[in-house]
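Peer 1: Residue numbers (the numbering used here): 105 to 169.
Glycine included, each C-beta is placed from N, C-alpha and C at the ideal position.
Shown below is the structure under consideration.
Next up, the structure:
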C-alpha cells in the first residue's frame, strides 16, 4: 500500500511541475538538455514513460501477493 502512494506522489509531482512550471518558469523549463530537447520536453517524456512503467510494476506486485 505504501508503494502505491509513493508512485502516485512521483507522478503527481511530475504533472504539477509540467503544468505549473511551463507558465511560471518558462526560462527554466526551456533550458537545453541535449539536441532539440529542453527540460520541459524531458519532464513530459519522463511523465509519459514512467506512468505505465510504475503502473505495471504495481499491478505485478499486487497480483503476486
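Could you tell me the distance, in whole angstroms, from the CA atom of residue 126 to the CA atom of residue 117?
Peer 2: The count along the chain shown starts at 1 and reaches residue 126 at position 22. The count along the chain shown starts at 1 and reaches residue 117 at position 13. Answer to the nearest angstrom: the Cα atoms are 14 Å apart.
Peer 1: In chain order, what residues of the same chain lie with their CB nearer than 7 Å to the CB of residue 163, ignoring the 5 residues before and after it?
Peer 2: Here residue 163 refers to the residue found at position 59 when the chain shown is read from its first residue. There are no such residues.
Peer 1: Quick check: residue 128 and residue 147, are their CB atoms within less than 7 Å of each other?
Peer 2: Here residue 128 refers to the residue found at position 24 of the chain shown. Here residue 147 refers to the residue found at position 43 of the chain shown. The answer is no: Cβ separation not under 7 Å.
Peer 1: Could you work out which residue in 108, 106, 120 and 107 is closest to residue 151 when comparing CA atoms only?
Peer 2: Against the chain shown, residue 151 aligns to sequence position 47. Nearest C-alpha to residue 151: 120.
Peer 1: Using DSSP with H/G/I as helix, E/B as strand and the rest coil, what is residue 137?
Peer 2: Counting from one through the chain shown, the residue named residue 137 turns up at place 33. Residue state, collapsed to three classes: strand.
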